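Q: If you scroll down you'll find the structure; I have some questions about it.
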Amino acid sequence: MHMNSTMIKRAVFDSFKKLDPRTQIQNPVMFLVYLSAIAVTLIYLAGWLGFANTHSMYTLTIALLLWFTCLFANFAEAIAEGRGKAQADSLRKAKKDIEAFRIESIETKETITKVNSTQLHKGDLVLVEAGMLIPADGDVIEGAASIDESAITGESAPVIREAGGDRSAVSGGTRVLSDSIVVQISQEAGEGFLDKMIAMVEGASRKKTPNEIALQIFLLALTLIFILVVLAMYGFSEFAAQEQGIPNPTSITTLIALLVCLAPTTIGALLSAIGIAGMSRLNQENVLAMSGRAIEAAGDVDVLLLDKTGTITLGNRQAVAFLPVEGVEERELALAATLSSLADDTPEGRSVLQLAKERYQIEREKDAAMEFIPFSAMTRMSGVLFGSYQIRKGAADSVKAFVQKNKIAWPKETDKLVEKIARSGGTPLVVLENERVLGVIHLKDIIKEGVQEKFEDMRKMGIKTIMITGDNPLTAAAIAAEAGVDDFLAQATPEGKLAMIKDYQKKGHLVAMTGDGTNDAPALAQADVAVAMNTGTQAAKEAGNMVDLDSSPTKLIQIVKIGKQLLMTRGALTTFSIANDAAKYFAIIPALFTTIYPGLEVLNIMHLHSSESAILSAVLFNALIIVALIPLALKGVKYRELPANKLLAQNLLVYGLGGIITPFIGIKLIDMIITLFIG
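Each step along the sequence shown adds one to the number in the UniProt record's numbering, with nothing skipped, and position 51 is 51.
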């Protein structure tokens, strides 16, 4: 993570700000250190005021070191939040009050009311023209425009947003570069995507994950055990000192310092920073996570469901050919296809009109006498009625069922054309005129660049990829083979996607899904990790627990790696912290109690100068190790594509053994330096 002087200054300021007890109590382990620092400070002040014999440089130094330990822990969290706060500041600049042109309906664009963006409500219609900022989140319901979304995504290249299909969602604060669009507002003021981004990236709405809470409870339990151990030690030393007729060498200050050294303060100090840094790394990948739990779940995902349109493919299927049946002219088919597509405002419908214009110079306008039949998920057909003349256009199986129901002839050649297109990975649309099948329109899906290599990487990570599509099985099989996915579900309905996710979850799998359409929303809501494309509909974004601002389905690989890295980093530093405490236990106890229990001298392998220098060295090391581990907490433990058992063995060796050895070396070096100063 890149840190500049502004971020560091801000983090230092926030470190002191976080000394507020209301903030400290949120981290029980560090709250113990906080209370310990207060207690030792009061002990020193009592001695300074003459109420006790505790006015010594040793007591003052311990108090200062404990305060520094609290500040270093706060600094770790503040520096982790720093990048998010910097990003939030830039987003706030993009979020400003915008003048909006509200209209009553699409038909009455002349009746414009100028309002502030804060006065807009869900359902309002606004007209946005070239050069204007989009006032709030919404969906394009008329027109198409080139939009600059760099304020949100950081990408300077403009994107196309258009009515119909799954590329209609627009975000407040982005700028229309060309043309004009009518946007229906989908969020109330203050609840927009930009508002959520600001809250998430600066950590204001970050909640502790279940794993984090569980670990914190475990650390608290360890801390309580060490409190009992230290109290028992004090009791034994007091008893032994009285028996031998010597003063107890263990003061209250030493007892508190010992407790802080033995408690799992290292991981306690870095736990929050690890979680925040994980979300920050995700933000750097242009992915907005709505919860830390989703990132953790991503680390354990083993099944990935991919919606074909807009994720594996570019999303806009293009009409590339008119294939008439025998006895029908290609121009005749093109004309019928044009008429049936006049009211089809989807990218596919527009591509049919474009192809007919390019090939045959066919251009038609809507006529008042025309009655258009809209496309529906149930019929999977659309069409036009013009007096006694009617045209139907739709999926091959739907048109065939309609033909058989109405006892219309179905040419065998139609099946051959449909199969040929499907086998090539295209999508066939059959055109029916009155009681005659005219032919088939060939729609071609374009596979996104680089997906094959990414799916191969997923396979190595043990993730099964499944493509979900509404296409027929032949088309689905061809695209699945080209894209390199492991399996596919053809002719999928929203209910089918939902059922498949539930089925995998019942078998114990963690399921991730990417999607961009409104029909993906139920499945996205059910999935453990749900990544909605930023180009998708508002419903998809609301249902997902992550939004990919780059709208790249292959981004999920990076999300999974960040999830695994987060879990590994937390585990590695927990191992290091506990090993650290065990080492400090054996390093400090002999130095403290050899005057009472001379037999402990055998364990004093570090040969520390005195009990006071031992405690000072341990407390200083305890504070400095937090600072030393901040870069690792922020960057994360490096993830390698290895089996989980090998990764675990490596981390136990590095961080377990390292956690034992490091304190011995560090405390001894500090003790030697302290000895030089105190003579």
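Think of the CB as a built atom: it goes at the ideal place given N, C-alpha and C, for glycine as much as any other residue.
Keep in mind it's a predicted model, so treat the numbers as computed, not measured.
With a threshold of 7 Å on Cβ separation, who are the neighbours of Q187 within its own chain once the five nearest residues in sequence on each side are excluded?
A: In the sequence shown, counting from the first residue as 1, residue 187 sits at position 187. So the list reads K122, A136 and D137, once near-sequence residues are dropped.
Q: Given A490, which residues of its chain have a CB within under 7 Å of its CB, disregarding the five upstream and five downstream residues?
A: What you label residue 490 is simply residue 490 of the sequence shown in a count that begins at 1. If we look at A490 and ignore the five residues flanking it on each side, its Cβ neighbours are T469, D471, N472, P473 and A476.
Q: Quick test of the definition: if touching needs 3 or more C-beta pairs under 8 Å, does the region 554-569 touch the region 295-310?
A: The region 554-569, when compared against the region 295-310, does touch it at the 8 Å Cβ threshold.
Q: Just to confirm before moving on: does the CB-CB distance between A76 and Y597 stay below 8 Å?
A: Walking along the sequence shown from the start, residue 76 turns up at place 76. Walking along the sequence shown from the start, residue 597 turns up at place 597. No, the pair does not count as a contact, with Cβ atoms beyond the cut-off.
Q: Exposed or buried, what is H442 when buried is set at 16 or more other beta-carbons lying within 10 Å of its beta-carbon?
A: Translated into positions along the sequence shown, residue 442 becomes position 442. By the 10 Å Cβ count, H442 comes out buried.
Q: Would you report the Cα separation of T518 and A492, rounded to the nearest angstrom?
A: Counting from 1 along the sequence shown, the entry for residue 518 is found at position 518. Counting from 1 along the sequence shown, the entry for residue 492 is found at position 492. Each residue's alpha carbon lies about 14 Å from the other.
Q: Give a yes or no on contact between the region 212-219 and the region 260-277, applying the rule of three or more CB pairs nearer than 8 Å.
A: Because the criterion of three Cβ pairs below 8 Å is met, the region 212-219 and the region 260-277 touch.
Q: Would DSSP call N316 helix, strand or coil?
A: Taking the sequence shown and counting its residues from 1, the one referred to as residue 316 is at position 316. The answer is coil: DSSP assigns N316 none of H, G, I, E or B.
Q: What does T174 pair with, by DSSP beta-bridge criteria?
A: Locating residue 174 in the sequence shown gives position 174, where the first residue counts as 1. According to DSSP, T174 bridges with nothing at all.
Q: Return the chain-ordered list of same chain residues with a C-beta closer than 6 Å to the C-beta of I665, the five sequence neighbours on each side being excluded.
A: Indexing the sequence shown from 1 puts residue 665 at position 665. Nothing listed; no residue qualifies.
Q: Indicate whether the contact test is met: 3 or more Cβ pairs, each with one atom in the region 413-433 and one in the region 369-376, closer than 8 Å.
A: Too few Cβ pairs lie closer than 8 Å, so no.
Q: From E542 to S551, what does the alpha carbon distance come to, in whole angstroms?
A: In the sequence shown, residue 542 corresponds to position 542, counting from 1. In the sequence shown, residue 551 corresponds to position 551, counting from 1. When rounded, the distance between both Cα atoms is 15 Å.
Q: Mapping the DSSP letters down to three states, classify E81 as helix, strand or coil.
A: Here residue 81 is taken as the residue at index 81 of the sequence shown, counted from 1. Here E81 sits in helix by DSSP.
Q: From this set, D14, L64 and K114, which residue's C-alpha is nearest I79's C-alpha?
A: Position 79 of the sequence shown, counting from 1, holds the residue named residue 79. The shortest C-alpha separation from I79 is found at D14.
Q: DSSP state of V230, grouped into three classes?
A: The residue you call residue 230 lines up with position 230 of the sequence shown. V230 falls in the helix class under three-state DSSP.
Q: Do E365 and K357 count as a contact pair if the criterion is CB distance below 8 Å?
A: In the sequence shown, the residue the question calls residue 357 occupies position 357. In the sequence shown, the residue the question calls residue 365 occupies position 365. Result no, Cβ atoms of K357 and E365 do not sit closer than 8 Å.
Q: If you count every other CB in all the chains shown that lies within 10 Å of the CB of T113, and 16 or more means buried, which is it?
A: Within the sequence shown, the letter at position 113 stands for residue 113. With fewer than 16 other Cβ atoms within 10 Å, it is exposed.
Q: V320: buried (16+ other C-beta within 10 angstroms of its C-beta) or exposed?
A: The residue given as residue 320 occupies position 320 in the sequence shown. Its Cβ having fewer than 16 others within 10 Å, V320 is exposed.
Q: On the three-state DSSP scale, how would you describe residue 707?
A: Residue 707 lies beyond the stretch modelled for the chain, which goes from 1 to 679, so this question has no answer here.
Q: Are the region 527-538 and the region 161-179 touching, with three or more C-beta to C-beta distances below 8 Å?
A: Yes, they touch.
Q: Could you tell me which uninterrupted beta strand (DSSP E) segments, each at least 3 residues in length, are contained entirely in the region 248-318, listed from first to last along the chain?
A: Qualifying beta strand (DSSP E) stretches, in chain order: 287-289 and 303-307.
Q: Quick one: measure Cβ to Cβ for E348 and G425, integer angstroms, because I've assumed they're closer than 8 Å.
A: Counted from its first residue, the sequence shown places residue 348 at position 348. Counted from its first residue, the sequence shown places residue 425 at position 425. 15 Å between Cβ atoms; not a contact.
Q: Buried or exposed: which applies to D528, given that a residue is buried once 16 or more other Cβ atoms fall within 10 Å of its Cβ?
A: Here residue 528 refers to the residue found at position 528 of the sequence shown. With 16 or more Cβ atoms within 10 Å of its Cβ, D528 is classed as buried.
Q: Would DSSP call F51 helix, strand or coil?
A: On the sequence shown, residue 51 is found 51 positions in, with the first residue counted as 1. If DSSP states are grouped into helix, strand and coil, F51 belongs with coil.
Q: With which residues is E162 paired in a DSSP beta bridge?
A: Here residue 162 is taken as the residue at index 162 of the sequence shown, counted from 1. The partner list for E162 (beta bridge, DSSP) reads A144.
Q: If we ignore side chains and look at the alpha-carbon of each, how far apart do E142 and R10 end up?
A: For this step, residue 142 is matched to residue 142 along the sequence shown. For this step, residue 10 is matched to residue 10 along the sequence shown. The alpha-carbon atoms of E142 and R10 are separated by roughly 46 Å.
Q: Under 8 Å: do the region 144-151 and the region 168-185 share three or more Cβ pairs, one atom per stretch?
A: The answer is yes - the region 168-185 touches the region 144-151, with three or more Cβ pairs under 8 Å.
Q: Count the other C-beta atoms from every protein chain shown that fall within 10 angstroms of the C-beta of I625, then say buried if there are 16 or more, exposed otherwise.
A: For this step, residue 625 is matched to residue 625 along the sequence shown. By the neighbour-count rule (16 or more Cβ atoms within 10 Å), I625 is buried.
Q: Using a Cβ distance threshold of 8 Å, determine whether the region 580-591 contacts the region 599-612, with at least three qualifying pairs required.
A: Touching, yes.
Q: If you draw a straight line from the C-alpha of G387 to the C-alpha of V430, how long is it?
A: Stepping through the sequence shown from its first residue, residue 387 is reached at position 387. Stepping through the sequence shown from its first residue, residue 430 is reached at position 430. When rounded, the distance between both Cα atoms is 22 Å.
Q: Counting C-beta neighbours from all protein chains within 10 Å, is the total for G659 16 or more, i.e. buried, or is it exposed?
A: Position 659 of the sequence shown, counted from the first residue, corresponds to residue 659. By the neighbour-count rule (16 or more Cβ atoms within 10 Å), G659 is buried.
Q: Could you tell me the alpha carbon to alpha carbon distance between I661 and T223, rounded to whole angstroms?
A: Taking the sequence shown and counting its residues from 1, one reaches residue 661 at position 661. Taking the sequence shown and counting its residues from 1, one reaches residue 223 at position 223. The alpha-carbon atoms of I661 and T223 are separated by roughly 22 Å.
Q: Per the DSSP calculation, P324 is bridged to which residue(s)?
A: What you label residue 324 is simply residue 324 of the sequence shown in a count that begins at 1. Looking at the DSSP assignment, P324 forms a beta bridge with G439.
Q: Leaving out five residues on either side along the sequence, give the residues of the same chain with a beta carbon under 8 Å from the beta carbon of T575.
A: To locate residue 575, count along the sequence shown from 1; it is residue 575. Excluding positions up to five away in sequence, the list reads N651, L652, Y655, G656 and G659.
Q: Could you tell me the alpha carbon to alpha carbon distance between A480 and F621, rounded to whole angstroms?
A: Numbered from its first residue, the sequence shown carries residue 480 at position 480. Numbered from its first residue, the sequence shown carries residue 621 at position 621. Roughly 56 Å between the two C-alpha positions.
Q: Where does S168 fall in DSSP's three states?
A: Taking the first residue of the sequence shown as position 1, residue 168 is located at position 168. Here S168 sits in coil by DSSP.
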